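The structure appears below as structure tokens.
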Amino acid sequence: MSGRGGGRPGRRPTRCARRSPAWRRRYVDGLRNAPITARRCWTRNVPGGPLVSIRSISARDAWARLARGEARIIDVREPHEQALGVAPDAWRIPPPSLSRHPGLAACRPDAALMLICASGARSRAAAGILLAEGFSDVASVEGGMAAWRAAGLPVESGGLDPAWADRYSRQIKLPEVGIAGQRKLEDARVLIVGAGGLGSPIALYLAAAGVGRIRLVDDDRVERSNLQRQVLHAEARIGMRKVDSALETLCALNPAIAVEPVVGRLDESTIEALLDGVDVAVDGSDNLATRYLLNRGCVRRAVPLVYGAVQGFEGQVGVFHPAADAPEMPCYNCLFPERPGVAPLPNCAEAGVLGVVPGTIGLLQATEVLKLLLGVGASLAGTLLHVDLSTADFRRLAIRADPACEVCQKRAG
Numbered sequence: 001m002s003g004r005g006g007g008r009p010g011r012r013p014t015r016c017a018r019r020s021p022a023w024r025r026r027y028v029d030g031l032r033n034a035p036i037t038a039r040r041c042w043t044r045n046v047p048g049g050p051l052v053s054i055r056s057i058s059a060r061d062a063w064a065r066l067a068r069g070e071a072r073i074i075d076v077r078e079p080h081e082q083a084l085g086v087a088p089d090a091w092r093i094p095p096p097s098l099s100r101h102p103g104l105a106a107c108r109p110d111a112a113l114m115l116i117c118a119s120g121a122r123s124r125a126a127a128g129i130l131l132a133e134g135f136s137d138v139a140s141v142e143g144g145m146a147a148w149r150a151a152g153l154p155v156e157s158g159g160l161d162p163a164w165a166d167r168y169s170r171q172i173k174l175p176e177v178g179i180a181g182q183r184k185l186e187d188a189r190v191l192i193v194g195a196g197g198l199g200s201p202i203a204l205y206l207a208a209a210g211v212g213r214i215r216l217v218d219d220d221r222v223e224r225s226n227l228q229r230q231v232l233h234a235e236a237r238i239g240m241r242k243v244d245s246a247l248e249t250l251c252a253l254n255p256a257i258a259v260e261p262v263v264g265r266l267d268e269s270t271i272e273a274l275l276d277g278v279d280v281a282v283d284g285s286d287n288l289a290t291r292y293l294l295n296r297g298c299v300r301r302a303v304p305l306v307y308g309a310v311q312g313f314e315g316q317v318g319v320f321h322p323a324a325d326a327p328e329m330p331c332y333n334c335l336f337p338e339r340p341g342v343a344p345l346p347n348c349a350e351a352g353v354l355g356v357v358p359g360t361i362g363l364l365q366a367t368e369v370l371k372l373l374l375g376v377g378a379s380l381a382g383t384l385l386h387v388d389l390s391t392a393d394f395r396r397l398a399i400r401a402d403p404a405c406e407v408c409q410k411r412a413g
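What follows is the structure, encoded as structure tokens:
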């Protein structure tokens, strides 16, 4: 037999459950309008730990206390969020650093501390941390900076261009990137050979990621048959130089980067100049002669080369970076030795390719470029990744330097 309030059988309903919906609405409204000493929420200092009562304070009340010098305000958002603006005189301390911050270490246990984040959730959790550290007068600003701005309260500049911080905010949130990593990308220079099926996704995603300078080399013009896979281009640009079409697309996507279009093919007379000042080179070409030439230039310059190739439903990705301190690392010629007189492999125009295949391989190449520029993760150096999208099969093949290689081993010797 159920209890009177519709609760669990045999259980007396709670006092709140016996109240009418109108009473509960008035009760909640009363809490919202109550003074700060009466408004509390609950959180846990650690997952599964006991609930801790956290006092809340409205944005206007927080500003009043701050203006009277009665309390210190602490912004617990991430740096890229703080870059969009902070409350006046706020200490900027992300939660992982709360217990180690020298300013807090110098505070008395009864110091009045108000914590603010974007919307109020993180500041409540951070308040629980401070309570566990022994601080007694801790409050969380309700609604965070969203409520602060909505109330028209003063906001100080966060020290970074807000548009820059907003554009890259999802990337800067990653511990492996952060503001310092984003600055690395901004200062980087990448050479992309080819503005076709592979070069299109590579260039698009490197531009979107904020790689500051992209040098793009191609001598072709846009054709209608390109549009099935070469997403840099459009129907209206048929007949335009591919590098000029790419320039329009990339600058529209990210006007803050510099794109250097180069009309032409790689040859012995241009390779050195094209690699000058480059941090990473990317192979988006469709012929072996260009790949061998680019590989030789990268070995001479000790520039990492990110390789990709596609045909049908399949593709390959690899990173070649032989260096003096890593002679065991192969170059492209170690994997596919150059054999003059051998008939070249068919390209996409001859053999055909599913449109999404160069997109997939190009994105993997772009990922390898970003990892190299940021110095994070494990690159594909010494590994060939073979992808068969007809079966969704990804296979990694270990490759080592060929002691008889005429390109990298001659240089190492």
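For the sequence shown, position 396 matches number 396 in the UniProt record's numbering, and the numbering has no gaps at all. We put the CB at the ideal spot given by N, CA and C, even for glycine. Quick caveat: nothing in here was measured; it's all calculated off a predicted structure.
Sorting Asp402, Val190 and Val76 by C-alpha distance to the C-alpha of proline 322 places Asp402 at the top. Restricting attention to Ala195, Glu268, Leu274 and Leu275, the CA atom closest to the CA of glutamate 248 is found in Ala195.
Counting of Cβ neighbours within 10 angstroms places valine 356 among the exposed residues, the total staying below 16. Serine 140 has its alpha-carbon roughly 10 Å from the corresponding atom of glycine 128. Counting C-beta atoms within 10 angstroms of its own C-beta, glutamate 368 has 16 or more neighbours from the protein chains shown and is therefore classed as buried.
Shown here, serine 169 sits in a helix according to DSSP, grouped into three states.
Counting every other CB atom within 10 Å of its CB across the protein chains shown gives proline 201 a total of 16 or more, marking it as buried. Considering only Glu314, Val263 and Leu250, the residue with the shortest C-alpha distance to threonine 391 is Glu314. Inclusion of valine 262 and leucine 227 in the CB contact set at 8 Å is not warranted, their separation being larger than that value. For glutamine 311, the secondary structure class from DSSP, reduced to helix, strand or coil, is strand. Annotated as proximal: leucine 275 and arginine 301, with beta-carbon spacing under 8 Å. In this structure, valine 319 sits near serine 379, with a CB-CB distance shorter than 8 Å. Looking from the CA of proline 94, the closest CA among Arg77, Ala106, Gly375 and Gly103 belongs to Arg77. Cβ neighbours of glutamine 182 within its own chain (closer than 7 Å, five residues either side excluded): Tyr168, Gln171, Ile172 and Gly210. Excluding its 5 nearest sequence neighbours in each direction, cysteine 334 has C-beta neighbours in its own chain below 6 Å: Ala401, Asp402 and Cys405, listed in chain order. Judged by DSSP secondary structure, histidine 386 falls outside any alpha helix (DSSP H) and instead within the beta strand (DSSP E) spanning 383 to 388. Inter-residue distance for valine 407 and arginine 296 is about 6 Å (C-alpha atoms, whole angstroms).
Contact between alanine 281 and cysteine 298 holds, with the beta-carbon distance rounding to 5 Å and staying under 8 Å. Straight-line spacing of the CA atoms in aspartate 137 and alanine 111 works out to 6 Å. Counting along the chain, the unbroken beta strand (DSSP E) around methionine 114 starts and ends at 112 to 116.
Residue burial is scored here from C-beta neighbours: aspartate 187 has fewer than 16 other C-beta atoms within 10 angstroms and is therefore classed as exposed. Distances from the CA of alanine 90 to each of Arg108, Gly158, Ser56 and Asp279 were compared; the closest alpha carbon is that of Gly158. Cβ contact annotation for glutamine 82 (same chain, cutoff 6 Å, sequence separation greater than five): Asp75, Arg92 and Gly158, in chain order. In this structure leucine 374 touches lysine 184 by the C-beta definition: roughly 6 Å separates them, less than 8 Å.
When the five nearest sequence neighbours on each side are left out, no beta carbon in the same chain lies closer than 8 Å to the beta carbon of proline 96. About 6 Å separates the Cβ atoms of glycine 143 and alanine 59, confirming a contact at the 8 Å cut-off.
Within 10 angstroms of the beta-carbon of glycine 362 lie 16 or more other beta-carbons, which makes it buried.
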